[in-house]
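**Q** Pasting a structure below so you can have a look.
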Amino acid sequence: MAYTADVRKVYFDQLEDLKSQGIFKEERAICAPQDSEIEVEFPIGSEKKKVINMCANNYLGLSSHPEVVKAAHDGLDVRGYGMSSVRFICGTQDIHKELERKLTEFLGTEDTILFPSCMDANAGVFEAILTEQDVMIADRLVHASIIDGMRLCKAQNDSFKHSDMAHLEEKLQLHQNKRLRMVITDGAFSMDGDLAKLDKIVELAEKYNAMVFIDDSHASGYIGRTGRGTQEHCGVLGKIDIITTTLGKALGGASGGCVSGRKEIVEMCRQKARPYLFSNTVAPVIVEGALRVLDIISRSTERRDKLEENSTFWRKGLTDAGFIIKEGETAIVPVMLFNAKLSQDVAKDLYAEGIYAVGFFFPVVPKGQARIRTQLSAAHERHHLEKALAAFIKVGKKYDILGKTKQEIIDKYGM
Amino acid sequence: MPSIKDTVLQYVKNEYLESDDDREITYDTPLISGGIVDSFSMVSLKVFLETQYKIQIPDAKASPEAFDSVNNIVNLLKELNVKE
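See the structure below:
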């Protein structure tokens with residue numbers, strides 16, 4: 004079929020509709036390596052502006068770390084740019100196996116398989132290991148990639164209210180007639196910045212004979228005393244059957260992900276997971292970079308300790324100033340504004356003040372729960388956070404939201 | 026014994042509202058387009074209806090529109106010959 008004017012109009016109208024709803028996404032060009040301070044063009048082509056970055060997943064500040072960059076350079080020299088193959092044909096190098104071994108050791112699991120991204124890991128894992136005789140019971144706030152993965156799988160799906168253990172228990176009881184049960188959750192929730200109650204989930208899973216799956220993408224590398232993730236924080240190391248995580252956040256920030264866990268499950272993924280079977284191997288530069296990241300964070304907890312201090316300072320600063328934040332233990336700190344337009348206006352004013360943070364609203368978060376999501380990094384120095392806090396307070400005063408309750412903000416701005 | 030309408034309404038409230046969610050749900054409240062039930066968690070509603078009323082809801086009939094309010098759901102159940 005030709006791409007006629009009528010066809011063009013179908014898409015044009017949909018894009019216009021997104022714009023009129025205020026949910027059209029525009030990219031900003033960052034004209035520097037990823038860091039706590041960056042130069043940004045927004046809109047693209049406009050004058051560059053230096054801003055403090057409060058919205059990267061660069062939790063440990065390793066995205067542009069000289070040691071990681073050097074390791075990636077070395078990888079390029081020694082193992083080349085690409086492999087021009089999927090893993091099982093001629094795309095597996097010695098370093099891929101080494102990274103899988105190191106991730107297994109780091110996460111405290113039995114085995115690991117690399118994927119091009121954690122999105123791919125989540126898209127492929129369920130279909131590879133569950134059938135229509137089984138059930139997947141997921142927390143309602145799990146990441147979109149998990150939902151996509153569940154949709155591709157023939158097992159029945161069900162869900163429980165966010166971190167509601169009584170509701171999860173009801174669902175586990177309801178599904179006792181299934182062959183396999185799997186409880187599915189994020190380790191750290193990306194929009195709320197809270198952690199799954201993994202100790203309780205493991206307890207229920209043992210009681211009702213279910214496997215436990217976590218996506219620890221927003222926790223791996225910094226949550227837990229030695230950064231091994233939510234399972235370390237909750238004291239259940241070795242008890243999680245499947246962990247998916249990413250190399251695209253704290254663990255270097257480039258790309259790549261994995262499924263780590265019980266060895267039979269990992270082997271099933273090697274045999275059957277379609278994103279693994281049908282997409283290219285992770286590039287050697289990324290593998291070498293990730294290996295160096297694991298070295299750095301295994302040598303010392305300095306970076307995750309600094310991130311924890313930064314997060315504590317930031318949470319306290321915002322709370323003392325009178326903002327409503329979502330409680331949590333992670334480096335994700337949502338500042339609640341409730342009203343969608345207010346979240347966009349505040350983000351815009353913050354940007355004018357030299358602070359880059361993004362407002363989120365429905366459908367990314369539930370209606371009436373619009374927010375600015377801020378994310379801390381070990382690359383933030385105290386002066387960055389002090390400046391950012393001063394900007395938040397200035398903008399908060401402008402909109403008269405400091406010290407106000409949720410109801411007062413809603414009364415003033417609407418849901 | 027509560028009516029079908031009230032049974033469904035009660036289930037929706039228990040299943041989908043968080044404890045701190047004070048939104049009022051009535052028979053006409055848009056559930057899916059109103060952001061209370063997303064298409065992902067709609068499955069538990071379908072499973073509940075099938076178990077409670079011992080029916081099979083064909084996928085073609087389990088559309089977001091058919092599940093968009095308690096009244097719509099009751100109409101769907103009537104179509105599937107569920108009686109009070």
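So the sequences go chain by chain: A and B. Residues 4 to 418 in my numbering are what the first sequence spells out, letter by letter. Residues 26 to 109 in my numbering are what the second sequence spells out, letter by letter. The beta-carbon is built from N, C-alpha and C at its ideal position, and this holds for glycine as well. These numbers come from a predicted model, not from an experiment.
Would you mind listing the beta strand (DSSP E) stretches within the stretch 146 to 225 of chain A that are 3+ residues and don't spill past its ends, in chain order?
**A** Segments of the beta strand (DSSP E) lying fully in the stretch 146 to 225 of chain A: 159 to 163, 184 to 189, 214 to 218.
**Q** Is the stretch 322 to 338 of chain A in contact with the stretch 124 to 132 of chain A, if contact means three or more CB pairs nearer than 8 Å?
**A** Cβ pair count under 8 Å is below three, so no.
**Q** Can you check which of these residues, A:Ile413, A:Glu384, A:Cys156, A:Met153, is closest to lysine 309 of chain A by C-alpha distance?
**A** Lysine 309 of chain A has its Cα closest to that of A:Glu384, out of A:Ile413, A:Glu384, A:Cys156, A:Met153.
**Q** Going by beta-carbon coordinates alone, are glutamate 330 of chain A and lysine 397 of chain A separated by less than 8 Å?
**A** In this structure, lysine 397 of chain A does not lie closer than 8 Å to glutamate 330 of chain A by Cβ.
**Q** To the nearest angstrom, how far is it from the Cα of aspartate 46 of chain B to the Cα of threonine 112 of chain A?
**A** Each residue's Cα considered, the two are about 38 Å apart.
**Q** Our contact map puts lysine 71 of chain B next to alanine 85 of chain B with C-beta atoms below 8 Å; I'd like the distance itself, whole angstroms only.
**A** Not really, about 13 Å apart at Cβ, beyond 8 Å.
**Q** Going by Cα to Cα distance, which pick from A:Glu209, A:Pro36, A:Ile358, A:Gly232 is closest to alanine 393 of chain A?
**A** Ranking the options by Cα distance to alanine 393 of chain A, first place goes to A:Ile358.
**Q** For isoleucine 328 of chain A, which three-state DSSP category applies?
**A** Strand at isoleucine 328 of chain A.
**Q** Using DSSP with H/G/I as helix, E/B as strand and the rest coil, what is glutamate 44 of chain A?
**A** DSSP places glutamate 44 of chain A in strand when its eight states are reduced to three.
**Q** What does DSSP give as the partner residues of valine 338 of chain A in its beta bridges?
**A** A:Ile328, A:Ile375, per the DSSP bridge assignment.
**Q** My output table needs one value for isoleucine 447 of chain A: the three-state DSSP class, helix, strand or coil.
**A** Any question about residue 447 of chain A goes unanswered here, given that chain A covers just 4 to 418.
**Q** For glutamate 42 of chain A versus isoleucine 33 of chain A, is the C-beta distance shorter than 8 Å?
**A** For glutamate 42 of chain A and isoleucine 33 of chain A, yes; Cβs fall inside 8 Å.
**Q** Suppose you measure from the CA of histidine 165 of chain A to the CA of glutamate 50 of chain A; what does that come to, to the nearest Å?
**A** Whole-angstrom Cα-Cα distance: 43 Å.
**Q** Measure from the C-beta of lysine 400 of chain A to each C-beta in chain B and report whether the shortest distance is under 8 Å.
**A** Not an interface residue.
**Q** When DSSP builds the beta bridges, which residues end up paired with alanine 141 of chain A?
**A** DSSP output for alanine 141 of chain A lists A:Ser162, A:Ile187 as bridge partner(s).
**Q** Identify every residue that forms a DSSP beta bridge with valine 283 of chain A.
**A** Contrary to the premise, residue 283 of chain A reads as asparagine rather than valine in this sequence. According to DSSP, which records beta bridges pairwise, asparagine 283 of chain A is partnered with A:Val89.
**Q** With distances taken from CA atoms, which of A:His146, A:Ala124, A:Glu209, A:Gly190 is nearest glutamine 176 of chain A?
**A** Minimum Cα distance to glutamine 176 of chain A is reached at A:Glu209.
**Q** For glutamine 96 of chain A, does the count of other Cβ atoms within 10 angstroms reach 16, so buried, or fall short, so exposed?
**A** Glutamine 96 of chain A should be labelled buried.
**Q** So within the stretch 257 to 313 of chain A, which uninterrupted beta strand (DSSP E) runs reach at least 3 residues, ignoring any that extend past its ends?
**A** Entirely contained in the stretch 257 to 313 of chain A, the beta strand (DSSP E) runs reaching 3 residues are, in chain order, 260 to 264.
**Q** Which same chain residues end up closer than 8 Å to threonine 304 of chain A when comparing Cβ atoms and leaving out the 5 residues on each side of it in sequence?
**A** Excluding residues within five positions, the ones whose Cβ falls inside 8 Å are Arg228, Thr229, Gly230.
**Q** In terms of alpha-carbon separation, which member of A:Asp161, A:Thr188, A:Met214 lies closest to serine 148 of chain A?
**A** Measuring from the Cα of serine 148 of chain A, the nearest candidate turns out to be A:Thr188.
**Q** Can you tell me whether DSSP reads glycine 430 of chain A as helix, strand or coil?
**A** For residue 430 of chain A there is no data in the structure shown, the boundaries of chain A being 4 and 418.
**Q** Answer yes or no: does any C-beta atom of chain A fall closer than 8 Å to that of phenylalanine 65 of chain B?
**A** Yes, its Cβ sits closer than 8 Å to a Cβ of chain A.
**Q** By the DSSP assignment, the alpha helix (DSSP H) with aspartate 114 of chain A in it spans what residues?
**A** From DSSP, aspartate 114 of chain A is part of no alpha helix (DSSP H) but of the beta strand (DSSP E) over 114 to 118.
**Q** Going by beta-carbon coordinates alone, are histidine 99 of chain A and valine 285 of chain A separated by less than 8 Å?
**A** In contact: histidine 99 of chain A and valine 285 of chain A (Cβ atoms closer than 8 Å).
**Q** So, does the CB of serine 162 of chain A fall closer than 8 Å to a CB anywhere in chain B?
**A** Yes, because at least one Cβ of chain B sits closer than 8 Å to the Cβ of serine 162 of chain A.
**Q** Beta-carbon within less than 8 Å of tyrosine 211 of chain A's beta-carbon, same chain only, minus the 5 sequence neighbours each way: which residues are those?
**A** Contacts found: Glu172, Leu175, Gln176, Gln179, Arg184.
**Q** Kindly indicate which residue of A:Arg182, A:Thr233, A:Asp123 has the alpha-carbon position closest to the one of lysine 200 of chain A.
**A** The shortest Cα separation from lysine 200 of chain A among A:Arg182, A:Thr233, A:Asp123 belongs to A:Thr233.
**Q** Secondary structure at lysine 103 of chain B, three-state DSSP: helix, strand or coil?
**A** Reduced to three states, the DSSP call for lysine 103 of chain B is helix.
**Q** Within the same chain, show all residues whose beta-carbon is closer than 6 Å to that of valine 288 of chain A, passing over the 5 residues directly before and after it, in chain order.
**A** Contacts found: Ala75, Gly78, Leu79.
**Q** Among the residues of its own chain, which have a CB less than 7 Å from the CB of glycine 371 of chain A, if the five just before and after it don't count?
**A** Result list for glycine 371 of chain A: Phe341, Met418, in chain order.
**Q** Going by alpha carbons, who is nearest to phenylalanine 365 of chain A out of A:Thr377, A:Tyr354, A:Gln347, A:Leu353?
**A** Cα-wise, what sits closest to phenylalanine 365 of chain A is A:Gln347.
**Q** Would you please verify whether the beta carbon of phenylalanine 395 of chain A is less than 8 Å from any beta carbon of chain B?
**A** No, phenylalanine 395 of chain A does not count as interfacial toward chain B.
**Q** Please tell me whether isoleucine 150 of chain A has its Cβ less than 8 Å away from any Cβ of chain C.
**A** Absent here is chain C; the protein component of the structure consists of chains A and B.
**Q** Tell whether a beta-carbon distance below 8 Å holds between leucine 260 of chain A and leucine 250 of chain A.
**A** Per the sequence shown, residue 260 of chain A should be read as glycine rather than leucine. Yes. Within cutoff.
**Q** Closer than 6 Å by C-beta to glutamate 332 of chain A: which residues in its own chain qualify, once you throw out the five before and the five after it? Chain order, please.
**A** Result list for glutamate 332 of chain A: Leu198, in chain order.
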